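Reading through the structure tokens given below for one structure.
Chains as they are written, first to last, in our numbering: chain H, 17 to 211; chain X, 17 to 211.
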């Protein structure tokens, strides 16, 4: 066990990750900070006029505002979407929808946005990070294999960059890799230091 | 355990990863292929006239040519370097050298090259992949903490992107993330399919 690096200005606050995503939990744990997780249950709907980062910032704030926050707590909320050709790719409805999503992403570059909220009883900071992801052309055989084997129905855009399809199908990214996994950890670290 | 996706054209060959890097072993295992590892021991020197991808392609070939290959084997060799301001950043000599390297990379964008060799008794394919990595400005406190705690003396450029410094210090990458970890797995998959 390594001695963790302390972020002094938030050392007096109890850090809470308000997300059930095991990927976010794993990423936050890499900073070496003490935190606990506590789920917040909200409808993930938003005004239809919103686009791109507006959506994830709205949802990060909505989750934060629904959280039963207590004094001395710092709550981290987050929401991630895939955006491609002016269209939102959220979690697929079913296997057929998941395959249709991957066929649309195949051979193209799409955007991934994660919105993050940092909230105490006194203060709130909402920000978002954008990454680009370029998929190689995927064969129907590869798409069918991935969707049928991994069943990524809990993942925005129907893929996990850290799963088989990410290894064989993603040619390049531009921006934060961790953002694509669901939490822009380097920016989060900077924001925590400046909170 | 997921049923692996088969790469038909190499299904008759025994795959061997000629590297002791646990990171390369982990990455190759993500393709779901059967393989074993076997070390190849060579001096990692090269002509001083070589630069950038020439260095890693030379070393991937040198490692391949030194491997005691047998019929029906397909040997994967690899070499990774960090290149910054016309200078090679290999494995640091000691802790002081590691800190000096990170101070030079701090606040700048550098290049990472990995050269890969695919070799049988009949055929050889050498290729390389380039990624860009942008470090945020790192404080001396952060550099000292990382180097003293993680002691990355086995890592080109004195950092592992999958370690604490990668989470807090790397603002963005451009290209293959896995390449920065030591094996450009998506390109390798394509090359194996076309081998």
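Note that CB positions come from ideal geometry on N, CA and C, so glycine has one too.
These figures come from a predicted structure and were not determined experimentally.
For this session: Provide the residue(s) that pair with residue 100(X) in DSSP beta bridges, ordered along the chain.
Result: By DSSP's assignment, residue 100(X) forms a beta bridge with 103(X).
For this session: Compile a chain-ordered list of the residues in the segment 134-149 of chain H whose CB is closer than 7 Å to at least one CB of chain X.
Result: Within the segment 134-149 of chain H, no residue qualifies.
For this session: Following the continuous alpha helix (DSSP H) through residue 40(H), name the residue where it begins and the one where it ends.
Result: 38-45
Problem set entry | Counted within 10 angstroms of its Cβ, other Cβ atoms place residue 88(X) as buried (16 or more) or exposed | exposed
For this session: Give the secondary structure of residue 123(X) by DSSP, where H, G and I count as helix, E and B as strand, and everything else as coil.
Result: Looking at residue 123(X) - three-state DSSP - the assignment turns out to be coil, as it is neither helix nor strand.
Exercise. For residue 34(X), does the three-state DSSP call read helix, strand or coil?
Worked result: coil
For this session: List the residues of chain H whose Cβ lies closer than 9 Å to the Cβ of residue 123(X), in chain order.
Result: Correct list: empty, because the minimum Cβ distance to chain H is about 13 Å.
For this session: List the residues that DSSP assigns as beta-bridge partners of residue 89(X).
Result: 30(X)
Exercise. Are the beta-carbon atoms of residue 182(H) and residue 176(H) separated by less than 8 Å?
Worked result: yes
Exercise. Skipping 5 residues on each side, what residues in its chain have a beta carbon closer than 7 Å to that of residue 154(H)?
Worked result: 118, 122 and 185
For this session: Whole angstroms is fine: what's the gap from residue 45(H)'s alpha carbon to residue 196(X)'s?
Result: One C-alpha to the other measures close to 21 Å.
For this session: Take residue 42(H) as the anchor and find which of 178(X), 149(X) and 139(X) has the nearest alpha-carbon.
Result: 178(X)
Problem set entry | Spatially closest choice to residue 58(X) from 95(X), 160(X), 115(X) and 103(X), by CA coordinates | 95(X)
For this session: Tell me the start and end of each unbroken beta strand (DSSP E) in the segment 147-201 of chain H that is at least 3 residues and wholly inside, in chain order.
Result: Those beta strand (DSSP E) runs which fall completely within the segment 147-201 of chain H and span 3+ residues are 186-191.
Exercise. In chain order, what residues of the same chain lie with their CB nearer than 7 Å to the CB of residue 170(H), ignoring the 5 residues before and after it?
Worked result: 107
Exercise. Does residue 49(H) have its Cβ less than 8 Å from a Cβ in chain X?
Worked result: By the rule that beta-carbons nearer than 8 Å mark a contact, residue 49(H) does not touch chain X.
Exercise. Looking only at its own chain, which residues have a Cβ that is under 8 Å from the Cβ of residue 39(H), when we skip the five neighbours before and after it?
Worked result: 176, 178, 197, 198 and 199
Exercise. Does the beta carbon of residue 190(H) come closer than 8 Å to any beta carbon on chain X?
Worked result: So, interface residue.
Exercise. Just checking my contact of residue 56(H) with residue 76(H) at CB under 8 Å: how many whole Å lie between their CB atoms?
Worked result: With 8 Å as the limit, residue 56(H) and residue 76(H) do not qualify as a contact, their Cβ atoms being about 11 Å apart.
Exercise. Helix, strand or coil for residue 74(H) per DSSP?
Worked result: DSSP, read as helix, strand or coil, puts residue 74(H) in helix.
Exercise. Beta-carbon of residue 128(X) versus every beta-carbon of chain H: anything under 8 Å?
Worked result: no
Exercise. Going by the CB atoms, is the gap between residue 188(X) and residue 140(X) shorter than 8 Å?
Worked result: no
Exercise. Since residue 183(X) meets chain H, which of its residues come closer than 8 Å, beta carbon to beta carbon?
Worked result: 43, 46, 47, 194, 201, 202 and 205
For this session: On a CA-only basis, which of 172(X), 115(X), 203(X) and 48(X) is nearest residue 157(X)? Give me that one, please.
Result: 115(X)
Exercise. Taking buried to mean at least 16 other C-beta atoms within 10 Å of its own C-beta, is residue 64(H) buried or exposed?
Worked result: Residue 64(H) should be labelled exposed.
Problem set entry | Per-residue contacts from residue 18(H) into chain C (C-beta, under 8 Å) | No chain C is present in this structure, whose protein chains are H and X.
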